[in-house]
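This report refers to the structure that appears directly beneath it.
Numbering (this note's numbering), first residue to last: 426 to 572.
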């Protein structure tokens, strides 16, 4: 019995281990990524978002984009230093907010394309990763804390 792979699974297999051309796209002048890179960025904990407040009716107009970078926090446990580092990164690279998700991750919003590499590098310096924080991956388990 053979099952046909979904388009997404085929895309992932052809992406050079989820690398695709992200590194090249980071070097170009465009303020965002092409659709293929946007799909791969999810596995690296990053979503490309356009600024809804600046949308116009003209589809040809250049969109104002920024990125949401999500850190994966297994079990929702992090040290005070790790939290404070994320808080500092929110002010340095993002829009000044640090959001805690329902699945115990941390999100930085408003990160610009040119700040993606230093943002993720600084997160990694705290021994936290963005890998597997988004996309079709295993998530933190949610359950009632009562015995």
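Every residue gets a Cβ at the ideal spot worked out from N, C-alpha and C, and that includes glycine.
For residue 544 and residue 522, I'd like the C-alpha separation in whole angstroms. As a working mapping, residue 544 is identified with position 119 in the chain shown. As a working mapping, residue 522 is identified with position 97 in the chain shown. Between residue 544 and residue 522, the C-alpha separation is close to 14 Å.
Span of the alpha helix (DSSP H) holding residue 517? Here the question's residue 517 lines up with position 92 in the chain shown. Residues 505–517.
Taking Cβ positions, are residue 447 and residue 433 nearer each other than 7 Å? Mapped onto the chain shown, residue 447 falls at position 22. Mapped onto the chain shown, residue 433 falls at position 8. Contact flag unset, no.
How would you write the range of the alpha helix (DSSP H) that residue 492 sits in, first residue to last? Within the chain shown, residue 492 is the residue found at index 67, counting from 1. Per DSSP, residue 492 belongs to no alpha helix (DSSP H); it is in the beta strand (DSSP E), 490–496.
Please classify residue 439 as buried or exposed, where buried requires at least 16 neighbouring CB atoms within 10 angstroms. Looking up residue 439 in the chain shown gives position 14. Exposed, by the Cβ-count rule.
Coil, strand or helix - residue 502 by DSSP: On the chain shown, position 77 is the one that residue 502 refers to. Correct three-state label for residue 502: coil.
Cβ shell of residue 495 (< 6 Å), same chain only, five flanking positions each side left out: For the purposes of this step, residue 495 is identified with residue 70 of the chain shown, where counting begins at 1. The answer, listed in chain order, is 470, 530, 532, 558, 559.
Can you give the Cα-Cα distance for residue 463 and residue 506, rounded to whole angstroms? If you number the chain shown from 1, residue 463 lands on position 38. If you number the chain shown from 1, residue 506 lands on position 81. Their backbone Cα atoms lie some 31 Å apart in a straight line.
Quick one: give me the first and last residue of the alpha helix (DSSP H) that residue 541 is part of. Walking along the chain shown from the start, residue 541 turns up at place 116. That run of the alpha helix (DSSP H) goes 541–550.
Assigned secondary structure, residue 556 (DSSP; H/G/I helix, E/B strand, else coil): As a first step, residue 556 must be located in the chain shown, where it is residue number 131. Note: residue 556 maps to coil in three-state DSSP.
Test item: CB-CB of residue 520 and residue 511 under 7 Å: The residue given as residue 520 occupies position 95 in the chain shown. The residue given as residue 511 occupies position 86 in the chain shown. No; because the gap between Cβ atoms is not below 7 Å, this pair is not in contact.
DSSP beta-bridge partners for residue 476? Within the chain shown, the letter at position 51 stands for residue 476. DSSP, once it has assigned bridges, lists no residue as partnering residue 476.
Check each candidate in 437, 428, 429 and name the one with the smallest Cα separation from residue 561. Indexing the chain shown from 1 puts residue 561 at position 136. It is 437 whose Cα lies nearest to the Cα of residue 561.
In the structure shown, what three-state DSSP assignment does residue 532 receive? As a first step, residue 532 is located in the chain shown; it is residue number 107 there, counting from the start. DSSP places residue 532 within a strand segment (E or B) once states are collapsed to three.
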